[in-house]
Amino acid sequence: MKSTRSASVWRRARYLAASVALATAVAGCGGGVGGSDDEKSGDTIKFGMLAPFSGTESAFGDYMKNGAALAVEEINADGGIDGKDIELVTQDDGCDATTAVAAANKLVSQGVVASVGGYCSGATLPTLPIFLQAEVPMVIPAANSNALVEADQENVFLINGTGTQQAAAAVAFAKKEGASKIAVIDDSTDYSVDLADSFVEQAKSAGLDVVLDATMTPKEKDYSAEANKLVKSGADFVYWTGYYQEGGLLNRQSKDAGYKGTFLAGDGSVDASFAEISGKDYTDNVYATFTQTPDMLEGAEDWIADYTKKFGDEPGPYSTQSYDAVRVMAEAIKNADSTEMKDVNAALRDLDGFPAFSGPITFTEEGTLAEGGFAIVTIGDDGSFVLHDDLQG
Amino acid sequence: MSQIIINGLFVGSFYALIALGYSMVYGIIKLLNFAHGDVYMIGAFVGFVLLTSFGGLAAAATIPTLVLLVLVAMIFTGLLGVTVERVAYRPLRSSPRLAVLITAVGMSFTLEYAVRQIFGPSPKAYPVRVSGGSVEFIGARISTAQLVLMALAALLMVVLAFYVNRTREGRAMRAIALDPAASTLMGINVNRVISRVFFIGSALAGAAGVMAGAYYGSIDFLMGFVIGIKAFTAAVIGGIGNLYGAMLGGLTLGLLESFGTAWLGGEWRDVFSFACLIIFLSFKPTGILGARVVERM
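The listed protein sequences derive, respectively, from chains A and X. Letter 20 of the first sequence, counting from 1, is numbered 20 in this note's numbering, and no numbers are missing. Position in the second sequence (from 1) plus 1000 gives the number in this note's numbering.
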């Protein structure tokens, strides 16, 4: 969900990547220029996952890998896909466009037939043409920048609702709360700015008064200057579109500075750590826009227990989405009875209400969810986010 | 306006505490200790480990607990600093400056990713928070926690200034900064003094780490990176090698950032503060107090 490269560098990287991918594909067809180990194996179906396992976003990589691994294990225990086991192959994209391109090529050369990764939008974007060249269908669990949709590729499907859908939920909630002066703060990353812009646009057309549109630098500790601006703007409703670490700090520090209004956060902030970082007595009046939390779903306790037992750590953001991505992809391959991209794409588009954590999944022609399914969650007694308002009616 | 100044001074006092270590080490052996920011991070983690392993500590009253934590963390990070110097810097003391710079960068990564392996990459929440009410002070809102932490930082700096300027060991440090060879001839044990400088500098960074953890409430293995660079900047603005310069530089940087955010917005803060620094340094490359060579140490 981060982008750090300028457009021209990005374009060059993409061009380079495409040619490398092509070269790899040609080598593959030729029957192995030293690549016999990497031939598509007959015994397993390889799912590839790009996620950040190093760098500042590395926590999310493990959450995603574990979620996906759990799904793979379940499906294999259940007989796999028509008797073939799924094998999960992960590569580190470091949340960086250049690293991601190399990692995507590596996955392709390892013979993956489906991609179930993608966390940072900025790192996922340049990998799209590589997977298209290699004819690999993609179900992206986390990355949800509108840029991914605008790339207009037939093999791209987003499990996570897009920024536009999420912003709509935030605006609906602001109106419901009767907020009169709205502030929005982003953390200057691609995903966050995207969401903030979308929110401002929709809030204005809904007739809401946006009094502050600020940006802050992530990875720091002191946001009292921003908190101060928020108080001064006189806002009674703020939408924070960044991640939980800065979100918790901002929430605490703005309350310390005297902010008394509603604090609404985006889905990147939905994590139990948000409440821990905010601290006791700072969790009142905090809400977030989120797809759906595991604890609202039947059988989720077991899922969380399984996950915790297996990985020694509780599931985090995008564990469930990655779990879903694998299941959706497996379902589509099963339905298509083929791993050819064309067939799998069609099967993905044909899915109708596939039961997933994030609600029933039906894809639009564009590959986004037919229903964003965003709800409003709030911090419960144990510090985790629980359903507050599903915004239905 | 006064709120902006208070915010700036508060952040600045953290920068100052860490900048002191940078400045002292540079003053005495002309080394940029890039692992210094990570010592700050380790300090925060030492406090975290203590709090989580002794549940009683977290339940106790916060201010004495905090002081105790700060002391333990200071001893630990001080010893860590001495070890780092012994392992990564002393063997290379007569090597080209660049080689030591690289071992410093290497040390920084070693510490960061060792902590990542032990504690995991996700941020940890601090079990103890210094909190309390806030007071109005010439139109600004300042919490008692901020006051306590600023007082603690000031106290540490005063003790340090006294130590360096008024004691025998302090005089030895200043002597080595002026001329290591002559100091050796005068019978000063240079290695021991350098170890002591590392101990003190690292202990201050460790103290800042615990204080930041207890105030902001979230710590992670990369928390030392940005603040390390900022503290280094602060040390240079103040005049690297100069004790008071480091304190002044830290406060200056904190104020610049605070005003940058207020006037131009958070996304322009670093642009504003660093542009000011470039302009300032091109007129006065030695920093605010850098010219006062006599006071170097």
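Glycine is no exception: its CB is placed at the ideal position from the N, C-alpha and C atoms.
- Remark: C-beta atoms of A:Phe385 and A:Ala288 approach each other more closely than 8 Å.
- Taking the Cα positions, X:Gly1012 is about 27 Å away from X:Tyr1113.
- Straight through space, the alpha carbons of X:Asn1242 and X:Ala1177 are spaced by roughly 10 Å.
- Counting only runs of at least 4 residues, the segment 1190-1234 of chain X fully encloses the following alpha helix (DSSP H) elements, listed from N- to C-terminal order: 1190-1216.
- Listed along chain A are Ala225 and Glu226, each with a C-beta nearer than 7 Å to that of X:Thr1261.
- Taking a Cβ-Cβ threshold of 7 Å, none of the residues of chain A is close to X:Ala1205; the smallest such distance is about 15 Å.
- Close CB contacts of X:Phe1232 within its chain, under the 6 Å cut and outside five residues either way in sequence, are with Tyr1022 (chain order).
- Between the beta-carbon of X:Val1082 and that of X:Phe1198 there is about 5 Å, and that keeps the pair under the 8 Å contact cut.
- Shown here, X:Ile1240 sits in coil according to DSSP, grouped into three states, outside any helix or strand.
- Ranked by Cα distance from A:Val113, the first of A:Asp194, A:Ala102, A:Thr124 and A:Asp85 is A:Asp85.
- In this structure, DSSP gives A:Ser278 a helical state, which the three-state scheme calls helix.
- Contacts with chain A (Cβ-Cβ distance below 8 Å) from the segment 1244-1255 of chain X involve no residue at all.
- In this structure the segment 1198-1210 of chain X touches the segment 1033-1042 of chain X; the number of beta carbon pairs closer than 8 Å is three or more.
- Restricting attention to A:Ala356, A:Gly234 and A:Phe157, the CA atom closest to the CA of A:Gly258 is found in A:Gly234.
- At least one C-beta of chain A is nearer than 8 Å to the C-beta of X:Tyr1216.
- For the pair X:Gly1254 and X:Ala1235, the CB atoms are not nearer than the 8 Å cut-off.
- In the three-state reduction of the DSSP assignment, A:Phe357 falls in the coil class, being assigned neither a helical nor a strand state.
- Along the segment 1168-1181 of chain X, none of the residues has a CB nearer than 7 Å to a CB of chain A.
- A Cβ-Cβ distance of about 6 Å is found for the pair X:Val1100 and X:Tyr1089, placing them in contact under the 8 Å criterion.
- Taking C-beta atoms as the reference points, X:Arg1269 and A:Thr217 count as a pair closer than 8 Å.
- In the three-state reduction of the DSSP assignment, A:Asp213 falls in the strand class.
- About 5 Å separates the beta carbons of A:Arg327 and A:Ala71, which is inside the 8 Å limit, making them a contact pair.
- Comparing alpha-carbon positions, the option among X:Ala1208, X:Asn1191 and X:Ala1161 lying closest to X:Tyr1015 turns out to be X:Ala1208.
- Residues of chain X with a Cβ closer than 7 Å to the Cβ of A:Ala288 do not exist; the shortest Cβ-Cβ separation is about 17 Å.
- A residue is called buried when at least 16 other Cβ atoms come within 10 angstroms of its Cβ; X:Val1271 does not meet this threshold and is exposed.
- Taking A:Glu340 as the centre and dropping the five residues before and after it, the same chain places the C-beta of Glu135 closer than 8 Å to its C-beta, in chain order.
- Cβ-Cβ distances below 8 Å link X:Ile1188 to Ala1172, Ala1175 and Ile1176 in the same chain, with the five nearest sequence neighbours on each side left out; the list follows chain order.
- Contact between the segment 117-130 of chain A and the segment 302-314 of chain A is absent, with fewer than three C-beta pairs closer than 8 Å.
- Excluding its 5 nearest sequence neighbours in each direction, A:Ser254 has C-beta neighbours in its own chain below 6 Å: Ala227 and Leu230, listed in chain order.
- In summary, X:Lys1230 is buried, with 16 or more beta-carbon neighbours lying within 10 Å of its beta-carbon over all protein chains present.
- Annotation for A:Asp306: no beta strand (DSSP E) segment contains it, though the alpha helix (DSSP H) segment containing it runs Ala300 to Phe311.
- By the neighbour-count criterion, in which 16 or more other beta carbons inside 10 Å mark a residue as buried, A:Pro355 falls on the exposed side.
- A contact between stretches requires three or more CB pairs, one per stretch, nearer than 8 Å, and the segment 260-272 of chain A meets this requirement with the segment 171-188 of chain A.
- Straight across, the Cα-Cα distance linking A:Asp337 with A:Asn76 is about 16 Å.
- Taking 7 Å as the cut-off between beta carbons, the residues of the segment 201-219 of chain A near chain X are Ala214, Thr215, Met216, Thr217 and Lys219, in sequence order.
- Taking CB atoms only, A:Leu107 has no neighbour in chain X less than 8 Å away.
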